[in-house]
Amino acid sequence: MTAPFEVLTPLAQEFVGLLLGFDFTSATARFDEEMKAALSETQLKESWMNLITEAGVLLQMDTERTQEVENYRIVVLRCHFQRAIIDVQVVFNDQEQISGLNFIPTQMEYHPPAYVNEAAFQEVEVMVGEGLWALPGTLTLPDGPSPFPGVVLVHGSGPNDRDETIGPNKTFRDLAWGLASQGVAVLRYDKRTFTHAGELTPELVEKMTVKEEVLDDALLAIGLLRQRDEIDSERVFMLGHSLGATLAPRLGEMDPELAGIIIMAGITRSLEETILDQYTYLYNLSGNITDQQKAELEDLKVKVDRLKDPEILEHISREDLPLGVPVAYWRDLHEHDPVDAVKTLKIPTLVLQGGRDYQVLATVDFQGWKDALKHRDNATLRLFPELNHLFIAGEGKSTPQEYLVEGHVQEEVVDTIAQWIKG
43 MTAPFEVLTP
53 LAQEFVGLLL
63 GFDFTSATAR
73 FDEEMKAALS
83 ETQLKESWMN
93 LITEAGVLLQ
103 MDTERTQEVE
113 NYRIVVLRCH
123 FQRAIIDVQV
133 VFNDQEQISG
143 LNFIPTQMEY
153 HPPAYVNEAA
163 FQEVEVMVGE
173 GLWALPGTLT
183 LPDGPSPFPG
193 VVLVHGSGPN
203 DRDETIGPNK
213 TFRDLAWGLA
223 SQGVAVLRYD
233 KRTFTHAGEL
243 TPELVEKMTV
253 KEEVLDDALL
263 AIGLLRQRDE
273 IDSERVFMLG
283 HSLGATLAPR
293 LGEMDPELAG
303 IIIMAGITRS
313 LEETILDQYT
323 YLYNLSGNIT
333 DQQKAELEDL
343 KVKVDRLKDP
353 EILEHISRED
363 LPLGVPVAYW
373 RDLHEHDPVD
383 AVKTLKIPTL
393 VLQGGRDYQV
403 LATVDFQGWK
413 DALKHRDNAT
423 LRLFPELNHL
433 FIAGEGKSTP
443 QEYLVEGHVQ
453 EEVVDTIAQW
463 IKG
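Note that our numbering has the sequence shown beginning at 43, numbered continuously upward.
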């Protein structure tokens, strides 16, 4: 007799958990004999890796529906990934074995915000850089007489696409289309860790710093924008969001000819302290932290403390550091303080912060920028109390789940950036 869905649904969730943990041996062990013959462990791994390379990280998983067909029972789990929604259809036989499996992508349609005038601009496909690490990008050009001021968008951490897609939200497309509607050209591009994930061998990852992950390509994008006939080469800006914002002062040092830098939700704390604060916040959201979460936080604290001892860093592996990030990456971040860099920059600086952002804190990070820039007369800072990390409005405590709700960068943010660039 086939098991009830109360039993099969958790089994389907456990199976997806095995895929997320890359335990393909245990996953295929749950197949019946026909499935094992039809889909090998190697084939399952290849299919799953191709899927998540495009989809990104899992944000949320829900039971979409259950269905009974003859002697089989089907559980469909809706998986909300960073850049896609995928229905994982798991078919069980009467022995609770998996006898069928389908991955069904669902496209997330983009609906432009009201402040976008699609008749006011056109888009051109470009390549940032050349050779092995060349990156596809999009240049959004306003209609009307050129040359235009231009801005390069630099992503947050992780393998982001050019739109900085998170669920149904596309922060960078909002910015590009919104700014172009007001006469500002915008260049956005896919991040190296998104486009070239397959070429990033373990040896390369072990040596990677933000130079290879972010800075090299951002500088190439800035150079590309300057070379375009439609762009005023003396009015090229860079806008960084999250990690890109934290690195904006460093980019300003590396390219002092920039017309200005825009810092959207950049940290002034260390990255490891930020990660610890974020996990502490998330685990306490419900008001009832579990024993497992307490243990995970204690383990994370130990790993964060290791980064404070230079001698330990000389003899440690990435597995013993926060989020498994390599030693070279941490060392590079520690050697470049964004607060020290921004204090001595000569170029105009705009700092924007959401008051509901739990990843970058208004009371700590935004205050850090205010303190660092208080002696500079070419710095502008704006706090938007109701906005989250994506600069989307909301109420109450911000949560990761609200990133799955369609929204847009607030119009006031786009207006502030456009006016500052053109002013």
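C-beta: ideal position from N, C-alpha, C; glycine also.
Bear in mind that the values here come from a model prediction, so they are computed numbers and not experimental data.
*Residues bridged to Lys212 by DSSP?*
Taking the sequence shown and counting its residues from 1, one reaches residue 212 at position 170. DSSP, once it has assigned bridges, lists Thr207 as partnering Lys212.
*Assign Lys439 to buried or exposed, taking buried as 16 or more other Cβ atoms, counted over all protein chains shown, within 10 Å of its Cβ.*
Numbered from 1 along the sequence shown, position 397 holds the residue referred to as residue 439. Classification for Lys439: exposed.
*Inter-residue CB distance, Ile264 and Leu300 (contact presumed, cutoff 8 Å)*: For the purposes of this step, residue 264 is taken as residue 222 along the sequence shown, with counting starting at 1. For the purposes of this step, residue 300 is taken as residue 258 along the sequence shown, with counting starting at 1. With a Cβ gap of about 7 Å, Ile264 and Leu300 count as contacting.
*Which residues in the same chain have their Cβ closer than 6 Å to the Cβ of Gly142, if we skip the five residues on either side of it in sequence?*
Within the sequence shown, numbered from 1, the residue matching residue 142 stands at position 100. Closer than 6 Å at the Cβ level, and outside the excluded window around Gly142, lie Val133.
_Option in Thr51, Glu437, Thr288, Met91 with minimal Cα separation from Gln139_ = In the sequence shown, residue 139 corresponds to position 97, counting from 1. If we check each option's Cα against that of Gln139, Thr51 comes out closest.
*asked:* Helix, strand or coil, according to DSSP, for Met43 in the structure here?
replied: As a first step, residue 43 must be located in the sequence shown, where it is residue number 1. Interpretation of Met43 is limited by its pLDDT of 49, a score under 50 that renders its predicted location unreliable; no figure is taken from the coordinates.
_Spatial distance of Val57 from Pro364 (CA atoms)_ = For the purposes of this step, residue 57 is taken as the residue at position 15 of the sequence shown. For the purposes of this step, residue 364 is taken as the residue at position 322 of the sequence shown. Correcting the residue identity first, residue 57 is Phe in this sequence and not Val. The straight-line gap from Cα to Cα measures roughly 26 Å.
*asked:* Less than 7 Å between C-beta atoms, sequence neighbours within five positions excluded: which residues of the same chain meet that for Asp216?
replied: Here residue 216 corresponds to residue number 174 of the sequence shown, with the count starting at 1. Same-chain partners within the cutoff: Pro155, His450, Val451.
*For Lys253, which residues from the same chain have a beta carbon less than 6 Å from its beta carbon, with the 5 sequence-adjacent residues on both sides left out?*
The sequence position of residue 253 within the sequence shown is 211, counting from 1. Answer for Lys253: no residue qualifies.
_Alpha-carbon spacing of Val168 relative to Glu48, whole angstroms_ = Mapped onto the sequence shown, residue 168 falls at position 126. Mapped onto the sequence shown, residue 48 falls at position 6. Answer to the nearest angstrom: the Cα atoms are 51 Å apart.
*Assigned secondary structure, Ser89 (DSSP; H/G/I helix, E/B strand, else coil)*: One-based indexing of the sequence shown puts residue 89 at position 47. Three-state result, Ser89: helix.
*Nearest-angstrom Cα separation, counted from Gln102 out to Ser68*: As a working mapping, residue 68 is identified with position 26 in the sequence shown. As a working mapping, residue 102 is identified with position 60 in the sequence shown. Taking the straight line joining both Cα atoms gives about 22 Å.
*Output the distance between the C-alpha atoms of Gln401 and Glu437, rounded to the nearest integer angstrom.*
As a first step, residue 401 must be located in the sequence shown, where it is residue number 359. As a first step, residue 437 must be located in the sequence shown, where it is residue number 395. So the two alpha carbons sit approximately 16 Å from each other.
_Only counting the same chain, and skipping five residues up and downstream in sequence, which positions put a Cβ closer than 8 Å to that of Phe163?_
Here residue 163 refers to the residue found at position 121 when the sequence shown is read from its first residue. The residues are Thr182, Leu183, Pro184, Asp185, Trp219, Ala222, Ser223.
*Between the region 229–244 and the region 199–208, do three or more beta carbon pairs fall short of 8 Å?*
yes
*Quick one: grab the DSSP three-state call for Arg125.*
What you label residue 125 is simply residue 83 of the sequence shown in a count that begins at 1. Here Arg125 sits in coil by DSSP.
_His417: first and last residue of the uninterrupted beta strand (DSSP E) it sits in_ = Position 375 of the sequence shown, counting from 1, holds the residue named residue 417. No beta strand (DSSP E) contains His417, which DSSP labels as neither H nor E.
_Cβ distance (whole Å) where Thr391 is taken to contact Ile305 below 8 Å_ = One-based indexing of the sequence shown puts residue 391 at position 349. One-based indexing of the sequence shown puts residue 305 at position 263. That belief holds up - the Cβ atoms of Thr391 and Ile305 are roughly 7 Å apart, short of 8 Å.
*Provide the residue(s) that pair with Thr391 in DSSP beta bridges, ordered along the chain.*
By 1-based counting over the sequence shown, the position of residue 391 is 349. Beta-bridge pairing links Thr391 to Ile303, Ala421.
_Measuring straight from C-alpha to C-alpha, what distance separates Glu361 and Val367?_
Here residue 361 refers to the residue found at position 319 of the sequence shown. Here residue 367 refers to the residue found at position 325 of the sequence shown. For Glu361 and Val367, the distance between alpha carbons rounds to 8 Å.
*Drop a sphere of 10 angstroms on the beta-carbon of Asp259, count the other beta-carbons inside from all chains shown, and report buried for 16 or more, exposed for fewer.*
Your numbering for residue 259 matches position 217 in the sequence shown. Burial call: buried.
*Express the C-alpha separation of Thr180 and Leu261 in angstroms, rounding to a whole number.*
On the sequence shown, position 219 is the one that residue 261 refers to. On the sequence shown, position 138 is the one that residue 180 refers to. Whole-angstrom Cα-Cα distance: 16 Å.
*Coil, strand or helix - Met280 by DSSP*: Looking up residue 280 in the sequence shown gives position 238. Reduced to three states, the DSSP call for Met280 is strand.
*Ordered along the chain, which non-local residues of its own chain (more than five positions away) have a Cβ less than 7 Å from that of Gly397?*
Translated into the one-based positions of the sequence shown, residue 397 becomes position 355. Taken in chain order, the residues that qualify are Ala404, Leu425, Phe426, Pro427, Glu428, Leu429.
*With C-beta atoms as the reference, is Val120 less than 8 Å away from Ala97?*
Reading the sequence shown from its first residue, position 78 is the one you call residue 120. Reading the sequence shown from its first residue, position 55 is the one you call residue 97. The amino acid at residue 120 is misidentified as Val; the sequence shows Arg. No, the Cβ-Cβ distance between Arg120 and Ala97 is not below 8 Å.
_In this structure, how does DSSP classify Ala383 when only helix, strand and coil are distinguished?_
Counted from its first residue, the sequence shown places residue 383 at position 341. Helix.
*How many Å lie between Ile317 and Phe66 at the Cα?*
Walking along the sequence shown from the start, residue 317 turns up at place 275. Walking along the sequence shown from the start, residue 66 turns up at place 24. Each residue's alpha carbon lies about 29 Å from the other.
*In the structure shown, what three-state DSSP assignment does Arg115 receive?*
As a first step, residue 115 is located in the sequence shown; it is residue number 73 there, counting from the start. Looking at Arg115 - three-state DSSP - the assignment turns out to be strand.
*Extent of the continuous alpha helix (DSSP H) run through Met77*: Here residue 77 refers to the residue found at position 35 when the sequence shown is read from its first residue. Residues 75–80.
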